[in-house]
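Student: Numbered per my numbering, the sequence shown spans residues 3 to 353. The structure that follows is given in the form of structure tokens.
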Amino acid sequence: MRVSPPLRHSEQEALTQVASPRPTRERSPYIDALRALAILRVYLLHTLWLTWLPLAFPAMPVMFALAGYLTAVSLDRGAPLRVVGSRLRRLLPPLWALAAVAVPLMVLVGWRPSLLDVTWWVVPLRNPPNSEWGGPFSLGLWYIRAYLWLVLLSPLLWWAFRRWPVGALLTLPAFAVLLSSPLVDLPVNPVTDVVWSMAAYGTCWLIGYARHTGLLDRVPLRWYALGVGTLALGAMIWLAERGEDDRLGALVWGWAVVLLLMRARPRLDWLAQVPWLARLIRMVNARAVTIYVWHLPVLYAAGGLLTMSGLYAGKSAILGVGTVLLVAVVLALGWVEDLAARRRPSLLPPS
Numbered sequence: 003m004r005v006s007p008p009l010r011h012s013e014q015e016a017l018t019q020v021a022s023p024r025p026t027r028e029r030s031p032y033i034d035a036l037r038a039l040a041i042l043r044v045y046l047l048h049t050l051w052l053t054w055l056p057l058a059f060p061a062m063p064v065m066f067a068l069a070g071y072l073t074a075v076s077l078d079r080g081a082p083l084r085v086v087g088s089r090l091r092r093l094l095p096p097l098w099a100l101a102a103v104a105v106p107l108m109v110l111v112g113w114r115p116s117l118l119d120v121t122w123w124v125v126p127l128r129n130p131p132n133s134e135w136g137g138p139f140s141l142g143l144w145y146i147r148a149y150l151w152l153v154l155l156s157p158l159l160w161w162a163f164r165r166w167p168v169g170a171l172l173t174l175p176a177f178a179v180l181l182s183s184p185l186v187d188l189p190v191n192p193v194t195d196v197v198w199s200m201a202a203y204g205t206c207w208l209i210g211y212a213r214h215t216g217l218l219d220r221v222p223l224r225w226y227a228l229g230v231g232t233l234a235l236g237a238m239i240w241l242a243e244r245g246e247d248d249r250l251g252a253l254v255w256g257w258a259v260v261l262l263l264m265r266a267r268p269r270l271d272w273l274a275q276v277p278w279l280a281r282l283i284r285m286v287n288a289r290a291v292t293i294y295v296w297h298l299p300v301l302y303a304a305g306g307l308l309t310m311s312g313l314y315a316g317k318s319a320i321l322g323v324g325t326v327l328l329v330a331v332v333l334a335l336g337w338v339e340d341l342a343a344r345r346r347p348s349l350l351p352p353s
């Protein structure tokens, strides 16, 4: 008679966590709704420039936390190299579609890039460079760069988090606080950009890991609320003294909001009763990278078109024209994300 081998530690741990509150599905209405809301907030901030929006909803920390959570789900189910390959396949093609338009246009108006300059548009391990005229094409691509680095490091971060969850979760924010504090005069260059973003947004990435593994749920709610409240209050006091643009205060506030949102697990069953909203959320998620990489060039183009037409290029006008242009671009190029996800290309993503 065949005797089953003894369970390994990881298998025993998985069995003991069957009743844990962590979700078993990779995606959920809540996760998709948060991501769609974050993308909408980014778009509105860059259109209307409402200074209170980053405090009301710190979209970038939330986006990194959601990405960390979804990556942890994948790492828990598949081989690390396969997970990294899948994430890169979904991330890079929409950027290449932007580069296929942006680089030739910048060359036509006088830019003379080196081979290395073009390489950063293909593999953005640093911010892709641009001509003086082409700034809007690369202005927001720091997010793609930071996301790429975190995807590449995700197996190592997962390995460290699984062995020392609390230590890993405390080390990165401590390093980010040190780099952002007045104690360190951090020079501005491509290397420090990468190091700081890995610490700052890598913290959010690990909070996503903590959501998936149930670590956040194991903290008693009263102590969790006290910790999040303390972080939020400290950030508000710091920002009140140093201004709303202070990087350290904004960073800590973002962590507090991320910790709050990653602990929550609403079902959002009511979305099924609002089909148009559920459909919109699915569409935004299916075209998320295309929307992000194109929204700034489109908004600058909208402002330019209004000015050249002799019309008032106010915020509301730019929002209206920019939204029409962005929808047109997404319809024209969104199929790239279908190919990246190994779906049949379509004008609109499937329901």
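Backbone N, C-alpha and C fix where the C-beta goes; we use that ideal spot for every residue, glycine too.
Determine the extent of the alpha helix (DSSP H) in which Phe-66 is found, giving its start and end residues.
Tutor: Here residue 66 corresponds to residue number 64 of the sequence shown, with the count starting at 1. Run containing Phe-66: 61-77, per the alpha helix (DSSP H) assignment.
Student: Quick one: residues in its chain with C-beta nearer than 6 Å to the C-beta of Gly-406, no 5 flanking neighbours on either side, listed in chain order?
Tutor: Look at the range of the chain in this structure, 3 to 353, and you will see that residue 406 is not part of it.
Student: Based on Cα-Cα distance, which residue from Asp-247, Gly-251, Leu-298, Gly-229 lies nearest to Ala-237?
Tutor: Looking up residue 237 in the sequence shown gives position 235. Looking at the Cα atoms, Gly-251 is the closest of the given residues.
Student: What does the Cβ neighbour count give for Ile-1, buried or exposed, with the cut at 16 atoms within 10 Å?
Tutor: One cannot answer for residue 1 here, as it falls past the ends of the chain, which runs 3 to 353.
Student: What would DSSP say about Pro-347, mapped onto helix, strand or coil?
Tutor: Looking up residue 347 in the sequence shown gives position 345. Here Pro-347 sits in coil by DSSP.
Student: Which of helix, strand or coil does DSSP assign to Ser-311?
Tutor: For the purposes of this step, residue 311 is taken as residue 309 along the sequence shown, with counting starting at 1. The answer is coil: DSSP assigns Ser-311 none of H, G, I, E or B.
Student: Strictly under 8 Å for the Cβ-Cβ distance: is Tyr-302 near chain B by that measure?
Tutor: Going by chain labels, chain B is absent from the structure shown, which holds only one protein chain.
Student: Look up Leu-225 in the DSSP assignment and say whether it is helix, strand or coil.
Tutor: Along the sequence shown, read from residue 1 onward, the residue named residue 225 stands at position 223. The sequence given here has Trp at residue 225, not Leu. Residue state, collapsed to three classes: helix.
Student: Whole angstroms is fine: what's the gap from Asp-271's alpha carbon to Arg-213's?
Tutor: As a first step, residue 271 must be located in the sequence shown, where it is residue number 269. As a first step, residue 213 must be located in the sequence shown, where it is residue number 211. One C-alpha to the other measures close to 21 Å.
Student: Using beta-carbon positions only, say whether Trp-207 and Ala-69 come within less than 8 Å of one another.
Tutor: In the sequence shown, residue 207 corresponds to position 205, counting from 1. In the sequence shown, residue 69 corresponds to position 67, counting from 1. In this structure, Ala-69 lies closer than 8 Å to Trp-207 by Cβ.
Student: Can you list, in chain order, the stretches of the alpha helix (DSSP H) that have 4 or more residues and sit fully within the region 153-196?
Tutor: Within the region 153-196, the complete alpha helix (DSSP H) runs of at least 4 residues are 167-182.
Student: Quick one: grab the DSSP three-state call for Arg-114.
Tutor: Counted from its first residue, the sequence shown places residue 114 at position 112. Looking at Arg-114 - three-state DSSP - the assignment turns out to be coil, as it is neither helix nor strand.
Student: Tell me the DSSP secondary structure of Trp-51 in three-state form.
Tutor: As a working note, residue 51 is residue 49 in the sequence shown. Note: Trp-51 maps to coil in three-state DSSP.
Student: Going by C-alpha to C-alpha distance, which of Val-260, Leu-47, Leu-333 sits closest to Val-64?
Tutor: Residue numbering aside, residue 64 sits at position 62 when the sequence shown is read from its first letter. It is Val-260.
Student: In three-state DSSP terms, what is Leu-127?
Tutor: The count along the sequence shown starts at 1 and reaches residue 127 at position 125. DSSP places Leu-127 in coil when its eight states are reduced to three.
Student: Start and end of the alpha helix (DSSP H) containing Val-340?
Tutor: What you label residue 340 is simply residue 338 of the sequence shown in a count that begins at 1. Looking at the sequence shown, residue 340 is not Val but Asp. Run containing Asp-340: 337-342, per the alpha helix (DSSP H) assignment.
Student: Between the C-alpha atoms of Val-193 and Ala-148, what's the straight-line distance to the nearest angstrom?
Tutor: Indexing the sequence shown from 1 puts residue 193 at position 191. Indexing the sequence shown from 1 puts residue 148 at position 146. So the alpha carbons of these two residues sit roughly 12 Å apart.
Student: So, for Phe-177: in the same chain, excluding its five sequence neighbours on each side, which residues have a beta-carbon less than 8 Å away from its beta-carbon?
Tutor: As a position in the sequence shown, residue 177 is number 175, starting the count at 1. Contacts found: Ala-201.
Student: Taking DSSP as the reference, what is the three-state secondary structure of Trp-135?
Tutor: For the purposes of this step, residue 135 is taken as the residue at position 133 of the sequence shown. DSSP places Trp-135 in coil when its eight states are reduced to three.
Student: Can you tell me whether DSSP reads Leu-141 as helix, strand or coil?
Tutor: Numbered from 1 along the sequence shown, position 139 holds the residue referred to as residue 141. Looking at Leu-141 - three-state DSSP - the assignment turns out to be coil, as it is neither helix nor strand.
Student: Please classify Pro-31: does DSSP put it in a helix, a strand, or coil?
Tutor: As a first step, residue 31 is located in the sequence shown; it is residue number 29 there, counting from the start. Correct three-state label for Pro-31: helix.
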